[in-house]
Amino acid sequence: MVTLAEVARQAGVSPSTVSYVLSGKRAISEPTRARVEQAISDLGYHPNAGARALAGKRSHIIALVVPLRTDVYVPIMMEIAIAVTMAARQYGYDVLLITNDEGPEGVRRVAASGLADGVVLMDVELEDERIPVLRELGSHAAMIGLPADAHGLACVDHDFTAAGALCADHLADLGHRDVAFVGYAPQVYRRHAGYAERTLTGFRERAAARGLRILHRPCEGTYESTAGTLARILEDRPATTGFVVQNEGALGPLLSLLRGSGRIVPEDASVVALCPEQLAEQNSPRLTAVTGPAQELGRQAVELVMSRIDGGAPPEITLLTPVLTVRESTGPGPFPVR
Numbered sequence: 001m002v003t004l005a006e007v008a009r010q011a012g013v014s015p016s017t018v019s020y021v022l023s024g025k026r027a028i029s030e031p032t033r034a035r036v037e038q039a040i041s042d043l044g045y046h047p048n049a050g051a052r053a054l055a056g057k058r059s060h061i062i063a064l065v066v067p068l069r070t071d072v073y074v075p076i077m078m079e080i081a082i083a084v085t086m087a088a089r090q091y092g093y094d095v096l097l098i099t100n101d102e103g104p105e106g107v108r109r110v111a112a113s114g115l116a117d118g119v120v121l122m123d124v125e126l127e128d129e130r131i132p133v134l135r136e137l138g139s140h141a142a143m144i145g146l147p148a149d150a151h152g153l154a155c156v157d158h159d160f161t162a163a164g165a166l167c168a169d170h171l172a173d174l175g176h177r178d179v180a181f182v183g184y185a186p187q188v189y190r191r192h193a194g195y196a197e198r199t200l201t202g203f204r205e206r207a208a209a210r211g212l213r214i215l216h217r218p219c220e221g222t223y224e225s226t227a228g229t230l231a232r233i234l235e236d237r238p239a240t241t242g243f244v245v246q247n248e249g250a251l252g253p254l255l256s257l258l259r260g261s262g263r264i265v266p267e268d269a270s271v272v273a274l275c276p277e278q279l280a281e282q283n284s285p286r287l288t289a290v291t292g293p294a295q296e297l298g299r300q301a302v303e304l305v306m307s308r309i310d311g312g313a314p315p316e317i318t319l320l321t322p323v324l325t326v327r328e329s330t331g332p333g334p335f336p337v338r
């Protein structure tokens, strides 16, 4: 890699002169400027991101803060991250990955350094401690997720409240009255992950409006934890015939455990999943599922952050409409609607 010192030697000037030519912070004679620019061209020198940032120019880098947790579904997170990377390249931008275990200080380090022109924040919590840092620094940022207070922010997310309501409506329309919601691990709700809490809120509100009796049981998603969750559900509410599952890890175990308990899906129990299309298709029976386009989240997040970089676009909140696809895992309940 060509260095600034090599450019200086080629042009016959000091390294500081090369820096002044790049930054424009000091007047340089035209002949000297021409020699430096010719040396840069001949050697193929590219200032690094930090140098460009210090010069007050764009770094052409977007920082993407990705979740590094055991309680997230990694394939979806990687699909979103890949979509962000591909969309950024269309704008001539590269992506710098930051893991969310660095917390607010990691976001501050990147945003305040000028290393990145903008930030895309994933796995947004309702009371996310990273957002005040972005507000304080006035960063060009986009959220993949919706915090409780979205004032002044650019956000894109699935409409998880509507997704939860779709699940309740589908099972109510089929005639189910006792329904269990198998959710994520307890720590997901303790940290107030927006996608988990908004889905549960939408489900609860619509279930109340439709006269459903519901249980919510968090689940770690392993076979053992799913077995324990199902046992508690059937002990507390033996008449349960409908299951809504927002935990990708619990889907396979739950179907197996229902079969093992003598409950045939969908004749004796109906299962609605909140999961990607490909996962719904891989199970047996194929799952009725509420889905949303993960790649679209990444693409729109980049568009939001680029619009803010280019012109300080006003705040914008976009919620993508969920889609329910009926497959073989749901059927009529004990109280069919006529």
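Following full-length UniProt numbering, the numbering of the sequence shown begins with 1 at its first residue and continues without gaps.
Where a beta carbon is used, it is the ideal one built from N, C-alpha and C, also for glycine.
Residue i classed as buried or exposed, judged by whether at least 16 other C-beta atoms fall within 10 angstroms
| i | result |
| --- | --- |
| R52 | In this prediction, R52 has a pLDDT of 49, which is less than 50 and means its spatial position is unreliable; nothing more can be read from the coordinates. |
| R190 | exposed |
| H151 | exposed |
| T161 | buried |
| residue 342 | No statement about residue 342 is possible, as the shown extent of the chain runs from 1 to 338 and does not include it. |
| D157 | buried |
| E129 | exposed |
| T99 | exposed |
| D149 | exposed |
| L212 | buried |
| I264 | exposed |
| residue 340 | As shown, the chain starts at 1 and ends at 338. That puts residue 340 outside it, with no answer to give. |
| P238 | exposed |
| S139 | buried |
| A172 | buried |
| G202 | buried |
| Q300 | buried |
| P334 | exposed |
| D310 | exposed |
| V323 | exposed |
| P314 | exposed |
| R26 | exposed |
| G260 | exposed |
| A180 | buried |
| V18 | buried |
| L174 | buried |
| D236 | exposed |
| F218 | Note that residue 218 is Pro in the sequence shown, not Phe. Buried, because 16 or more other Cβ atoms sit within 10 Å of the Cβ of P218. |
Option nearest residue i by Cα separation, candidates the options
| i | options | result |
| --- | --- | --- |
| G164 | A196, R33, H176 | A196 |
| H60 | D42, L287, R26, V95 | V95 |
| R206 | R217, I82, T229, A168 | A168 |
| E220 | Q187, A193, V2, F203 | Q187 |
| V290 | R308, R259, T330 | T330 |
| D101 | R69, A34, L166 | R69 |
| P276 | P285, A116, G260, P293 | P293 |
| C155 | P218, V124, D236 | V124 |
| G114 | L137, R327, L97 | L137 |
| G298 | V7, V36, A88 | A88 |
| E296 | T321, A273, A280 | T321 |
| E127 | P336, G92, P104, A239 | P104 |
| V271 | M306, V182, D159 | V182 |
| G242 | P336, A301, G311, E37 | P336 |
| Q90 | D178, T17, Y20, M306 | M306 |
| A112 | G92, A141, M86 | A141 |
| V13 | R26, A39, V2 | A39 |
| E328 | R58, Q282, L304, A11 | Q282 |
| R58 | A27, Y93, A185, S29 | Y93 |
| V10 | A185, A273, A34, D159 | Reading off the sequence shown, one finds Gln at residue 10, where the question assumed Val. That would be A34, whose Cα lies nearest to the Cα of Q10. |
| V72 | R210, G194, A208, R177 | G194 |
| A83 | A116, M122, R108, S284 | M122 |
| R177 | V66, R210, V326 | R210 |
Beta bridge counterpart(s) of residue i as assigned by DSSP
| i | result |
| --- | --- |
| H216 | F181 |
| S270 | G242 |
| L96 | A63 |
| G118 | I62 |
Any C-beta of chain C under 8 angstroms from that of residue i
| i | result |
| --- | --- |
| Y189 | This model lacks chain C altogether, as it is built from one protein chain only. |
Residue i: CB within 7 angstroms of a non-hydrogen atom of the ligand SAH
| i | result |
| --- | --- |
| I131 | Looking at this structure, you won't find the ligand SAH or any other ligand, since it has none at all. |
In the region 120-194, which residue ranges form an unbroken alpha helix (DSSP H) of at least 4 residues, counting only runs that do not cross its ends? 131-137, 160-174, 186-190
When the Cβ atoms of the region 245-253 are set against those of the region 125-138, are three or more pairs found closer than 8 angstroms? no
Restricting to runs no shorter than 4 residues, where is the alpha helix (DSSP H) found entirely within the region 260-331? 277-282, 294-311
Below 8 angstroms, how does it come out for the region 31-44 and the region 61-78: are there three or more Cβ pairs, yes or no? no
When the Cβ atoms of the region 252-267 are set against those of the region 223-239, are three or more pairs found closer than 8 angstroms? Result yes; three or more Cβ-Cβ pairs closer than 8 angstroms.
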